[in-house]
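Working notes, structure below.
In this note's numbering, the protein residues as written are 0 to 316.
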């Protein structure tokens with residue numbers, strides 16, 4: 000247990016809560032998150048209650064730490080692997096199979112389909128006009144993500160999947176979506192898309208980073224942060240889905256030889272004359288990546304509900 004003036008974080012209590020969550024959602028689409036790190040995707044678990052000791056041993060590596068007003072956690076648990084490439088490929092393939100089955104169940108819900116269609120109508124990639132002699136250097140950072148559109152999409156997903164955080168406080172480029180916590184305190188999700196912007200410029204796509212903030216209002220334009228949870232995820236189910244990077248890798252790389260792979264992001268070049276080349280993208284990964292991000296936010300919501308409840312119960316006024 001890690002104590003502070005405002006909060007007492009008991010790892011054992013959180014482990015008990017997560018065990019109940021596992022038992023509750025087993026055999027639903029939410030269980031795919033169990034196989035990212037906790038469970039062996041090559042095994043079949045009929046009833047997770049029979050594996051309680053095994054689960055407790057896996058979860059026992061969780062450690063919360065508090066430094067002044069900042070809360071962090073360590074969870075040094077590696078996913079299943081025996082260190083061989085062949086076995087690693089087999090595990091990865093099985094994780095994708097499990098998650099794809101969960102996605103099939105998830106997308107059978109027409110309400111989710113309609114919500115997705117409303118907020119996903121944007122161009123995933125930018126078209127560029129580049130002098131012919133500079134194309135080789137520019138292509139290093141392909142594909143060329145429409146970064147602001149993606150960030151707006153992430154924010155729309157946050158609004159959609161965390162509706163109780165309905166109030167908004169802005170400070171510079173950061174936005175805190177919040178709700179009432181206690182009489183004079185508020186609980187908020189603070190965005191920080193700077194890392195996303197940086198990686199988009201390099202042709203990478205990653206999960207956004209959020210912080211969970213407990214704060215009080217000093218005035219209508221000023222707040223005072225009481226506690227900062229530096230990584231807003233469920234510590235025992237992070238990430239809740241296959242990472243964005245791994246998802247894109249699976250979609251864009253194909254094996255063409257024993258130890259040879261070929262990458263195709265859908266980026267194409269067109270000579271438009273006058274010494275210029277148009278760089279554009281075919282829709283190879285766009286729709287699937289948007290759906291994967293949507294699914295990620297749904298599981299982020301479902302896996303962090305129990306974490307938020309735990310934090311609220313652990314807070315000492």
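Backbone N, C-alpha and C define an ideal beta-carbon position, used for all residues, glycine too.
Predicted, not measured: the structure shown is a model, and the values here were computed from it.
{"query": "Which complete alpha helix (DSSP H) runs does the stretch 176-263 hold, if anything under 4 residues is left out?", "result": "193-200 and 243-251"}
{"query": "How long is the line joining the alpha carbons of residue 143 and residue 124, rounded to whole angstroms?", "result": "5 Å"}
{"query": "Just tell me which of 100, 72, 23 and 53 has its CA closest to the CA of residue 210.", "result": "72"}
{"query": "What is the residue span of the beta strand (DSSP E) that residue 267 lies within?", "result": "266-272"}
{"query": "According to the Cβ coordinates, are residue 121 and residue 152 closer than 8 Å?", "result": "yes"}
{"query": "Provide the residue(s) that pair with residue 72 in DSSP beta bridges, ordered along the chain.", "result": "63"}
{"query": "Tell me the rounded alpha-carbon separation between residue 271 and residue 57.", "result": "57 Å"}
{"query": "Note down, one range per segment and in chain order, each alpha helix (DSSP H) of at least 4 residues found wholly within the stretch 8-67.", "result": "10-24 and 51-58"}
{"query": "Using only CA atoms, which one of 39, 51, 200 and 9 lies nearest to residue 21?", "result": "51"}
{"query": "May I ask you to report which of helix, strand or coil DSSP gives residue 151?", "result": "helix"}
{"query": "Hey, is the stretch 255-265 in contact with the stretch 109-121, meaning 3+ C-beta pairs nearer than 8 Å?", "result": "no"}
{"query": "Relative to the C-alpha of residue 278, which candidate in 215, 244, 136 and 195 has its C-alpha closest?", "result": "136"}
{"query": "So does the stretch 297-311 actually touch the stretch 220-239, counting three or more Cβ pairs closer than 8 Å?", "result": "yes"}
{"query": "Does the distance from the C-beta atom of residue 29 to that of residue 54 stay below 8 Å?", "result": "no"}
{"query": "If you draw a straight line from the alpha carbon of residue 0 to that of residue 74, how long is it in whole angstroms?", "result": "Note that residue 0 scores 49 on pLDDT, short of 50, meaning its location in the model is unreliable and no value can be drawn from it."}
{"query": "With a CB to CB cut of under 7 Å and the five nearest residues on each side skipped, what residues in its chain are close to residue 25?", "result": "47"}
{"query": "According to DSSP, what are the bridge partners of residue 275?", "result": "130 and 272"}
{"query": "Since residue 169 is in the beta strand (DSSP E), which residue starts that stretch and which ends it?", "result": "166-170"}
{"query": "Return yes when the Cβ of residue 212 is within less than 8 Å of the Cβ of residue 221, no when it is not.", "result": "no"}
{"query": "If residue 268 and residue 134 are in contact, beta carbons under 8 Å, what's the gap, nearest whole angstrom?", "result": "7 Å"}
{"query": "Between 167, 171, 5 and 311, which has its C-alpha nearest residue 66's C-alpha?", "result": "5"}
{"query": "When we look at the beta-carbon of residue 85 and count the other beta-carbons within 10 Å, is it buried (16 or more) or exposed?", "result": "For residue 85, the predicted model reports a pLDDT of 47, less than 50, meaning its position is unreliable and no value from the coordinates is stated."}
{"query": "At which residues does the alpha helix (DSSP H) containing residue 291 begin and terminate?", "result": "285-313"}
{"query": "Do residue 199 and residue 178 have their C-beta atoms within less than 8 Å of each other?", "result": "no"}
{"query": "Can you tell me the Cα-Cα spacing of residue 315 and residue 184, whole angstroms?", "result": "12 Å"}
{"query": "Could you tell me the alpha carbon to alpha carbon distance between residue 186 and residue 180, rounded to whole angstroms?", "result": "5 Å"}
{"query": "Cβ atoms of residue 265 and residue 283: under 8 Å apart, would you say?", "result": "yes"}
{"query": "What are the boundary residues of the alpha helix (DSSP H) that includes residue 114?", "result": "109-118"}
{"query": "Count the other C-beta atoms from every protein chain shown that fall within 10 angstroms of the C-beta of residue 240, then say buried if there are 16 or more, exposed otherwise.", "result": "buried"}
{"query": "Would you check if the distance between the CB atom of residue 90 and the CB atom of residue 41 is smaller than 8 Å?", "result": "yes"}
{"query": "Under a Cβ-count criterion, where at least 16 other Cβ atoms within 10 Å of its own Cβ denotes burial, should residue 207 be classed as buried or exposed?", "result": "buried"}
{"query": "Cβ-heavy atom distance between residue 116 and the ligand FMN below 7 Å?", "result": "With respect to the ligand FMN, the structure shown offers nothing to examine, as it has no ligands at all."}
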